[in-house]
Amino acid sequence: MANSMVGANNLHYLAKNRDCNVPILSNISFDVPKGGICLIKGASGSGKSTLLSCVSGLLKPSSGDVYLNGESLYKLNDKERSVLIRDNVGFVFQDFKLIPSMSVLDNICLPSLIKSNLKKDETYSNAEKLMSKLGLSTLANARPQMLSGGEQQRVSILRSILKEPTLLCCDEPTGNLDVSKSEDVKEMLHRLSNQFQVTLLIVSHDNIFNDIASQKLNLVDGRLDPS
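The sequence shown lines up with residues 71 to 297 when you count with the working numbering.
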């Protein structure tokens with residue numbers, strides 16, 4: 071699709087279990103348009119996180135392919151795929167993945183310093199401006215362990231957005247949060263998606279994202295449920 075940001079074509083994933091292969095994903099095909107918010111739902115063990123890992127380039131499928139902005143992920147060699155992911159994909163995890171020994175500001179800037187050709191001072195200036203817009207400036211010098219779960223997740227989202235991804239992959243982003251903090255994270259993701267025109271791919275068992283999703287996929291035993 072010309073307007074597709076990310077898509078899967080006949081995706082299969084088999085996990086090795088002793089002497090046999092166990093199907094985790096079977097015949098998965100879908101497209102998410104640029105700027106869309108796609109919600110992937112399903113019961114525990116249905117293959118949601120495996121699908122997100124395959125689509126984001128973290129886990130090579132057993133067969134099939136994934137397309138990111140028209141580029142075939144798994145026809146690239148490992149180095150080419152790593153560069154494409156580094157430059158285009160951001161990640162938000164359930165457990166935040168913040169570095170405890172670094173300040174909030176340093177955590178936010180680190181991925182952008184790896185990706186960008188910007189000078190360090192410019193990267194930090196951009197981060198401080200974005201933190202100010204989102205009301206997080208007072209946290210700049212704190213360590214992650216001093217923050218609440220909701221604050222840590224907002225910091226992790228900001229870290230991903232600063233490097234200007236075209237696709238943001240969120241794996242259970244509210245899984246460790248209470249209802250109030252979950253609402254804050256949802257509104258932040260929705261706002262940033264609109265502001266930066268980033269496509270969201272959200273894996274969640276939580277119904278909280280239903281009202282912002284432009285597309286919903288339901289996984290049942292590793293297959294897309296057409297209902």
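All C-beta atoms, glycine included, are put in the ideal place defined by N, C-alpha and C.
Pick from the options: whose alpha carbon is nearest that of residue i?
i	options	result
residue 137	181, 149, 119 and 158	158
residue 252	92, 205, 264 and 223	223
residue 82	266, 117 and 235	117
residue 191	176, 162, 203 and 90	176
residue 267	232, 195, 216 and 246	232
residue 148	129, 209, 172 and 203	129
residue 161	292, 241, 296 and 295	241
residue 84	75, 133, 153 and 111	133
residue 181	207, 205 and 153	153
Any idea what DSSP makes of residue i, helix, strand or coil?
i	result
residue 229	helix
residue 147	coil
residue 264	helix
residue 286	strand
residue 75	strand
residue 170	coil
residue 138	strand
residue 86	strand
residue 217	coil
residue 132	coil
residue 204	coil
residue 188	coil
residue 252	helix
residue 126	coil
Going by DSSP, name the residue or residues bridged to residue i.
i	result
residue 237	159 and 269
residue 275	Answer is none; residue 275 lacks a bridge partner.
residue 293	290
residue 101	77
residue 91	86
residue 245	BP columns for residue 245 are empty, so no partner.
residue 112	289
residue 107	270
Sorted by chain position, which residues of the same chain lie with C-beta nearer than 8 Å to residue i's C-beta, five sequence neighbours on each side aside?
i	result
residue 151	127, 143 and 144
residue 255	220, 223, 224, 227, 243, 244 and 247
residue 218	251
residue 258	204, 224 and 227
One question on the structure: do residue i and residue j come within less than 9 Å of each other, judged by their Cβ atoms?
i	j	result
residue 107	residue 260	yes
residue 121	residue 237	no
residue 235	residue 163	no
residue 140	residue 101	no
residue 156	residue 184	yes
residue 73	residue 103	yes
residue 293	residue 87	no
residue 214	residue 170	yes
residue 188	residue 201	no
residue 212	residue 174	yes
Leaving out five residues before and five after residue i in sequence, what residues of the same chain have Cβ atoms less than 6 Å from its Cβ?
i	result
residue 135	79, 142 and 144
residue 109	272, 279, 283 and 286
residue 123	129
Quick one: residues in its chain with C-beta nearer than 7 Å to the C-beta of residue i, no 5 flanking neighbours on either side, listed in chain order?
i	result
residue 263	107 and 270
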